[in-house]
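First up is the structure itself, then whatever we jot down about it.
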DNA sequence: GACTTGCACTGAACAGTGTTTAAAATAGAG
DNA sequence: CTCTATTTTAAACACTGTTCAGTGCAAGTC
């Protein structure tokens, strides 16, 4: 039985997040539970409720962790990459990273926010940082005056990449995982030509 | 208490699937359970285990239902639509349909297949029928000899559309639902120009 | 040093989940 | 009317996230 001052609040939080990260990375969110996390770090579940509001807060922390890792990896891998070649590299990077961190990345794209809850500001900022990499990669296709259009195009490209990567092995809409890289390249093929041919978008009024 | 011959096997199956459809449509898969379905149709959960292998089989049936409905709706709405205009209509159709049937469509794209289980053949065929609509819409961009490339492009476009539509309200990667239509059009903007400019893809060797 | 206060921590309980087991009820056959 | 085979069920099992009441420890005060 863990004693009162064996670990501080912060230590317990760090231990719990590390344990949740391990559990989720290895077997997916479905196999993780607050009871398993508690058992793993040698405390009772209730101790975690003294440190976290609920299990969802632990999951958010794990999701933030994988965003941090993506931002760090992208910073070194995609530094200054732009245009056609930059977009191919970006696509490869995204496919590689989401495949390597499959279970945790699913938190980011598929985990459902419990109703009544909202994402912490820090999380939203990290999400925007990820989008920033795509925005920079397509930057030179857009004049500065078209920042909004550029932003929307970055979001579209990101969502499309996500679609290509997420429709994979286990969902009811099966595409073999090995096809992801090829489909991502096809996406960039079409997208990049589209961008090069019409640097100023033809945006259709709806 | 339901009597033995109140309902045949088939009737119970139909009742259960209808109830699950209602529960999921209204509140999402998270709020549906085999116990609620059983209570809803006036039987015990175990009765459902006499008719279905497990709860997953009921969910698959609901997912097949929404695929059926999409195929029926697409057959009337997208009949003969091709090329640029056809793709805009297809995108609008997809956005509209997945928004209207949000909770059930999430089954198709996000529900995780339990390990050891595989999708029934009928399901795979319906999934292919959906892809068929996209393939036909891009048909005239590809010569008959490039059927494989056309197929892959259709899958890519579908996955991208899915990405744009799925990254929405409740997931940890938030895009406001009202943006979906606009992003889908941006996607088609780029994609269509890409297709028109290079009818024979530039496929990059990897 | 003893006493009180307050917090950390706990096992147990609550309301759920999918699923299995064993027993009861029923329908049809002989 | 009895026997058998099947349908149906309540109860149990092993889980889930969360809440509650109670224990034990550490620090603050006298």
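Chains as they are written, first to last, in this note's numbering: chain V, 45 to 250; chain W, 45 to 250. Ideal Cβ placement from N, Cα and C applies to all residues, glycine included.
Under 7 Å from the C-beta of residue i: neighbouring residues of chain W
| i | result |
| --- | --- |
| residue 142 of chain V | Under the 7 Å cutoff, chain W gives no residues; its nearest Cβ is about 12 Å from residue 142 of chain V. |
CB contact check: residue i to chain V, cutoff 8 Å
| i | result |
| --- | --- |
| residue 210 of chain W | yes |
| residue 206 of chain W | yes |
| residue 76 of chain W | no |
| residue 120 of chain W | no |
| residue 200 of chain W | yes |
| residue 203 of chain W | yes |
| residue 165 of chain W | no |
| residue 190 of chain W | no |
Proximal residues of chain W, C-beta to C-beta of residue i below 9 Å
| i | result |
| --- | --- |
| residue 196 of chain V | 223, 226, 227, 230 |
Burial state of residue i (16 or more Cβ within 10 Å)
| i | result |
| --- | --- |
| residue 192 of chain W | exposed |
| residue 154 of chain W | buried |
| residue 90 of chain W | exposed |
| residue 233 of chain W | buried |
| residue 144 of chain V | exposed |
| residue 160 of chain V | exposed |
| residue 179 of chain W | buried |
| residue 243 of chain V | Note that residue 243 of chain V has pLDDT 49, beneath the 50 cutoff, so the model's placement of it is unreliable and no number is given. |
| residue 79 of chain W | exposed |
| residue 184 of chain W | exposed |
| residue 124 of chain V | exposed |
| residue 188 of chain W | exposed |
| residue 86 of chain W | exposed |
| residue 222 of chain W | exposed |
| residue 83 of chain V | exposed |
| residue 19 of chain V | Here chain V comprises residues numbered 45 to 250, so residue 19 of chain V is not present and cannot be evaluated. |
| residue 252 of chain W | For residue 252 of chain W there is no data in the structure shown, the boundaries of chain W being 45 and 250. |
| residue 108 of chain W | buried |
| residue 63 of chain V | buried |
| residue 210 of chain W | buried |
Chain-ordered neighbours of residue i on chain V, where CB pairs are closer than 7 Å
| i | result |
| --- | --- |
| residue 239 of chain W | 234 |
N- and C-terminal bounds of the alpha helix (DSSP H) containing residue i
| i | result |
| --- | --- |
| residue 98 of chain V | Segment: none, residue 98 of chain V is in no alpha helix (DSSP H) and carries neither H nor E. |
| residue 157 of chain W | Run containing residue 157 of chain W: none; DSSP gives neither H nor E here. |
| residue 62 of chain W | 53-71 |
| residue 185 of chain W | Element bounds for residue 185 of chain W: n/a, residue is neither H nor E. |
| residue 238 of chain V | 224-241 |
| residue 125 of chain W | That residue, residue 125 of chain W, is in no alpha helix (DSSP H); it is neither H nor E in DSSP. |
| residue 204 of chain W | 191-210 |
| residue 219 of chain W | Per DSSP, residue 219 of chain W belongs to no alpha helix (DSSP H) and is neither H nor E. |
| residue 82 of chain V | 78-84 |
Under 8 Å by beta carbon: chain V residues contacting residue i
| i | result |
| --- | --- |
| residue 126 of chain W | Under the 8 Å cutoff, chain V gives no residues; its nearest Cβ is about 17 Å from residue 126 of chain W. |
is_contact[residue i, chain W] using C-beta, thresh 8 Å
| i | result |
| --- | --- |
| residue 245 of chain V | Note that residue 245 of chain V has pLDDT 49, beneath the 50 cutoff, so the model's placement of it is unreliable and the number below is only indicative. So, interface residue. |
| residue 248 of chain V | Confidence at residue 248 of chain V is low in this model, with a pLDDT of 47, below 50, so its placement is unreliable and the value that follows should be read with caution. Taking Cβ atoms only, chain W reaches closer than 8 Å to residue 248 of chain V, which makes this a yes. |
For this session: Determine, using beta-carbon pairs with one atom in the stretch 115-123 of chain W and one in the stretch 93-100 of chain W, whether at least three such pairs fall under 8 Å.
Result: no
Exercise. Counting Cβ pairs, one atom from each stretch, are 3 or more of them under 8 Å apart for the stretch 203-212 of chain W and the stretch 199-208 of chain V?
Worked result: yes
For this session: Give a yes or no on contact between the stretch 168-180 of chain V and the stretch 97-115 of chain V, applying the rule of three or more CB pairs nearer than 8 Å.
Result: yes
Exercise. Can at least three beta-carbon pairs, one atom from the stretch 47-66 of chain V and one from the stretch 132-141 of chain V, be found at a separation below 8 Å?
Worked result: Short answer: they don't touch.
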